[in-house]
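Participant: Pasting a structure below so you can have a look.
In my numbering, the protein residues as written are 40 to 93.
Here is the structure:
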């Protein structure tokens, strides 16, 4: 069963990622971590299933 976008956001927060405010267009959210070079991008509404590549 795929995870929901909401669950992925919670997992990222627990792992130390922070959401970049006003970054992204529409339902795209950029998450950054101080030890990881590239941001993680999630797209979709909280209640939707996450895509396999997210």
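Even for Gly, the Cβ is constructed at its ideal location relative to N, Cα and C.
Treat the numbers as computed from the prediction; the structure is a model and nothing was measured.
#1: Out of curiosity, what's the CA-to-CA distance linking residue 78 and residue 40?
#2: Hey, how far is the Cα of residue 91 from the Cα of residue 73?
#3: Which residues mark the beginning and the end of the alpha helix (DSSP H) in which residue 51 is found?
#4: By Cβ distance, which residues of its chain are closer than 7 angstroms to residue 82, with the 5 residues on each side in sequence left out?
#5: Express the C-alpha separation of residue 55 and residue 86 in angstroms, rounding to a whole number.
Facilitator: Inspection of the coordinates gives the following:
#1: Straight-line Cα distance between these residues: approximately 25 angstroms.
#2: 25 angstroms
#3: 44 to 53
#4: 66 and 67
#5: 22 angstroms
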